[in-house]
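Q:
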Amino acid sequence: MDNAVKITTGFALGLFLSSLYLGSSFLASYLTLYWNLWNPATTWFLIGVMTYASLWESESKLCAIGIFSIAGMWIYYIIAGIIPPLWIYIVVNSIVCLNIIITCIKKRLPIHL
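Residue 34 in numbering that gives the first Met the number 0 sits at position 35 of the sequence shown; the count goes up by one each step and never skips.
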């Protein structure tokens, strides 16, 4: 019963932190585009790097996939000169949010998943 409570609270905390990640990345990208400070894709990349810097200690394979996908999208933007399609953003943000949720659950449990 105690593990079920820990899993539930870890999942809820992961959802909350995922919503903070998504909200901050979209808001920062919009504001940089609105104020014409720099490229929104660069802002999104930097927020993704900061998120994964805080999650790196989880040593998950999903963490490595997320880092490579964020870096790949940024390299795609530099080489192609256009922003990647929307479905790629959805897939990469889903990987990031899943990693946040899994990390929060793993931090709550005494066993390794």
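Glycine residues also receive a C-beta, built at the ideal position from the N, C-alpha and C atoms.
Just checking, does the stretch 69–81 make contact with the stretch 29–48 on the three C-beta pairs under 8 Å criterion?
A: Yes, the stretch 69–81 is in contact with the stretch 29–48.
Q: What residue range does the alpha helix (DSSP H) around residue 81 cover?
A: Careful: residue 81 lies outside any alpha helix (DSSP H) and carries neither H nor E.
Q: Could you tell me whether the Cβ atoms of residue 108 and residue 2 are closer together than 9 Å?
A: Against a cut-off of 9 Å, the Cβ pair of residue 2 and residue 108 comes out as a contact.
Q: Going by C-alpha distance, which of 82, 7, 91 and 102 is nearest residue 64?
A: Taking only the C-alpha atoms, the option nearest residue 64 is 91.
Q: Within its chain, find whatever has a CB closer than 6 Å to the CB of residue 39; leave out the 5 residues flanking it on each side and keep chain order.
A: Correct list, in chain order: 28, 31 and 32.
Q: Quick one: residues in its chain with C-beta nearer than 7 Å to the C-beta of residue 23, no 5 flanking neighbours on either side, listed in chain order?
A: Result list for residue 23: 46, in chain order.
Q: Taking DSSP as the reference, what is the three-state secondary structure of residue 108?
A: Residue 108 falls in the coil class under three-state DSSP.
Q: Could you tell me how far apart the beta carbons of residue 100 and residue 25 are, in whole angstroms, since I believe they sit closer than 8 Å?
A: Not a contact, Cβ separation roughly 18 Å.
Q: What residues in its chain sit with their C-beta under 7 Å from that of residue 87, if we drop five residues either side in the sequence?
A: These residues qualify, in order along the chain: 72.
Q: Just mark residue 13 as buried or exposed, buried being the case when its beta carbon has 16 or more other beta carbons within 10 Å.
A: Counting Cβ neighbours within 10 Å, residue 13 comes out buried, since at least 16 surround it.
Q: To which residues of the same chain is residue 42 closer than 6 Å at the C-beta, ignoring the five residues directly before and after it?
A: Cβ neighbours of residue 42 beyond the five flanking positions: 27, 28 and 31.
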